[in-house]
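Numbered per the numbering used here, the sequence shown spans residues 156 to 338.
Have a look at the structure below, then the notes.
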Amino acid sequence: MSDKAQKLPQFIDPFRLADVGRLYDGKMSLKQMKRLEPLLERLESSSKTELSLSLVFDKDSNGVHFLSGTIKGTIFLLCQRCLTEMSFDINVDLLIAFLASEFDGDKLGGEYEPYIVNDTPIMLSDIIEDELLLALPTIPKHKDTRCSEQLTHMTLNKSDTVLSEVEKDKEINPFSVLKDLNK
């Protein structure tokens, strides 16, 4: 395997890179990831955000071409509990086996995640984006009590507003005249 880390390429041939044992360290911008874009809360800030990548393409003793490495960074999502922005730390470990067809999956062990390569070259950002989408929470929400405190405050303010509107409605009730006619 090559000792020296190289700059991240835009397009890759994973089989060729694994054959020569290539190592990449670098940063990748979120603005390259169009499927992830709608899930990000602060796109203008998130699009400037870069993820740190450390990737190793290699072959194991069984001849399986694989990619191992890590993706690290921080993205901004919308908390579904309080509907405010929240930061989410990304720390993804990769272990992907590249397959020419789905039938090659039989020789894989359980440790690899299969990735079927239909055409080469493929965009490296597509592989990274797939892994990020899988790493996102199903329902993003703050871990701390900040949400519940904020929701309690919002609920109290809202109930005060509702009470004052009910009192106003009682004062200006157009049917109050009918109450006297019923006697």
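Backbone N, C-alpha and C fix where the C-beta goes; we use that ideal spot for every residue, glycine too.
None of the values given here were measured: they were computed from a predicted structure.
Looking at residue 191: is its Cβ nearer than 8 Å to the Cβ of residue 289?
no
Counted within 10 angstroms of its Cβ, other Cβ atoms place residue 171 as buried (16 or more) or exposed:
exposed
Quick check: the Cα distance between residue 383 and residue 238, rounded to an integer number of angstroms?
Given a span of 156 to 338 for the chain in the structure shown, any question on residue 383 remains unanswerable.
Would a C-beta distance cut-off of 8 Å place residue 207 and residue 182 closer than the cut-off?
yes
Am I right that residue 212 and residue 169 are in contact with their C-beta atoms under 8 Å? What's the rounded C-beta distance?
6 Å
State the DSSP-derived secondary structure class of residue 194, mapped to helix, strand or coil.
helix
Answer yes or no: do residue 267 and residue 219 have a C-beta to C-beta separation smaller than 8 Å?
yes
With burial defined as no fewer than 16 other Cβ atoms inside 10 Å of the residue's Cβ, what is the status of residue 173: buried or exposed?
buried
Along the chain, where does the beta strand (DSSP E) that runs through residue 169 open and close?
Where residue 169 is concerned, there is no enclosing beta strand (DSSP E), although the alpha helix (DSSP H) it sits in stretches over 169 to 175.
Would you list the one or two residues that DSSP bridges to residue 267?
DSSP output for residue 267 lists no bridge partner at all.
With C-beta atoms as the reference, is residue 194 less than 8 Å away from residue 291?
yes
Going by other Cβ atoms of all chains shown within 10 Å of its Cβ, with 16 needed for buried, is residue 210 buried or exposed?
buried
Coarse secondary structure for residue 262, derived from DSSP in three states:
helix
Counting only the same chain and skipping the five closest in sequence on each side, list residues whose C-beta sits under 7 Å from that of residue 163.
179, 181, 183, 208 and 279
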